[in-house]
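Sequential numbering from -14 applies to the sequence shown in our numbering.
Backbone N, C-alpha and C define an ideal beta-carbon position, used for all residues, glycine too.
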Amino acid sequence: MNQILSWLKVHPLWNVIIVFIYYLLVVLPHEWVGVTIAGLFEGQSRLYYNNVILGVSLLIALIVIIPHLKRLLNHPKQRLGWIYLLSLVSLITFAFNTIIIVNIELIHIIQYAVFAILIFPLMNGYTVTLLLTSLVGSIDEGYQYFYLSPQRTNYYDLNDVVFNTLGGACGLLWLWTGQYPTSYRKVSEILKSWQWLCVLASVTTVALLILVGKVAYFPTEGIEALWTLVRKVPDGFWTSIDNNTIVFHVSLPLEGLLYCIILWVLYGTMDFTSRAKS
-14 MNQILSWLKV
-4 HPLWNVIIVF
6 IYYLLVVLPH
16 EWVGVTIAGL
26 FEGQSRLYYN
36 NVILGVSLLI
46 ALIVIIPHLK
56 RLLNHPKQRL
66 GWIYLLSLVS
76 LITFAFNTII
86 IVNIELIHII
96 QYAVFAILIF
106 PLMNGYTVTL
116 LLTSLVGSID
126 EGYQYFYLSP
136 QRTNYYDLND
146 VVFNTLGGAC
156 GLLWLWTGQY
166 PTSYRKVSEI
176 LKSWQWLCVL
186 ASVTTVALLI
196 LVGKVAYFPT
206 EGIEALWTLV
216 RKVPDGFWTS
226 IDNNTIVFHV
236 SLPLEGLLYC
246 IILWVLYGTM
256 DFTSRAKS
């Protein structure tokens, strides 16, 4: 894996092409993939469907985590690695038990874990990679919510953005335990990079759109925003669908942002705990 990533790092144009193709063929069509898989279970109960998907997901996780644990046990900062791993498992478990609607949404973790690994040679830093992964995931969900199927839901799906970011953290943890080098060791070096400037410009653009009223959290009387993140505020903490057989929490804007900030801060520290030297 390190050899592939090193090759991508010295061939950035090919890296961009591969990331673009992956995004078009794997990330964007994920809703279609989910619908297609659900069609395979036509006639079966939703409980059966969820249990099968959960079983397959756990099997994939087991296949991935065995070599991961082997690398972790050989890592010079093993104790820190266990903190990263257990924190990530805890955060995924919490999200699974609160904000997931159907288990097929676990596919977000796989998709964005691979995405984070692919863009890492371009970003050359853990924090900026995770931020960009969240940003790309946010654009993907925005495309679905505002343009692809605006009638399907009353809220921008921050639940999926959280799972996208969790997937990115999984990819970064895989890289960290594999001791893939990064040249970033000082905050000043990170903040001066073009990668950080691109992320900062994107965040600033979103912030300005919110300030000028083009993007709104909730419907506001007398102000017509171009994009409203939550068209209808949930009645309570839990939302239920499908005759109350599915119960989940809708992440409101500040909640989703807080969850992502926790991930950015926690796994952004990998920039300073990797073995590479400037």
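Check                                                                                                                                                        : Outcome
Scan the stretch 185 to 259 and note each continuous alpha helix (DSSP H) run of 4 residues or more that stays entirely inside, going in chain order.        : 238 to 253 and 255 to 258
Assign P106 to buried or exposed, taking buried as 16 or more other Cβ atoms, counted over all protein chains shown, within 10 Å of its Cβ.                  : buried
So the candidates are W161, L120 and K(-6); which of them puts its Cα closest to the Cα of G241?                                                             : L120
Which word fits W17, buried or exposed, when buried means at least 16 other C-beta atoms lie within 10 angstroms of its C-beta?                              : exposed
How big is the Cα-Cα spacing for Y111 and Q164?                                                                                                              : 12 Å
Residue range of the alpha helix (DSSP H) that K(-6) falls in?                                                                                               : N(-13) to V(-5)
Could you give the DSSP three-state label for Y132: helix, strand or coil?                                                                                   : helix
Note the first and the last residue of the continuous alpha helix (DSSP H) segment covering S277.                                                            : The displayed coordinates of the chain run from -14 to 263. Any statement about residue 277 would go beyond what the structure contains.
Since A154 and L115 should fall inside the 8 Å C-beta cutoff, what is the C-beta to C-beta distance between them, to a whole number of angstroms?            : 6 Å
For the putative contact between D142 and Y128, defined by C-beta atoms under 8 Å, what is the C-beta separation to the nearest angstrom?                    : About 11 Å separates the two Cβ atoms, so there is no contact after all.
Applying the criterion that 16 or more other CB atoms from any shown protein chain within 10 Å of the CB defines a buried residue, is H15 buried or exposed? : buried
Measure the alpha-carbon distance for T190 versus L157 and round it to whole angstroms.                                                                      : 26 Å
With a Cβ-Cβ cutoff of 8 Å, do W223 and V215 count as a contact?                                                                                             : no
With distances taken Cα to Cα, identify the nearest neighbour of L117 among Y132, F148 and F100.                                                             : F100
Output the boundary residues of the alpha helix (DSSP H) element that contains S42.                                                                          : R31 to L58
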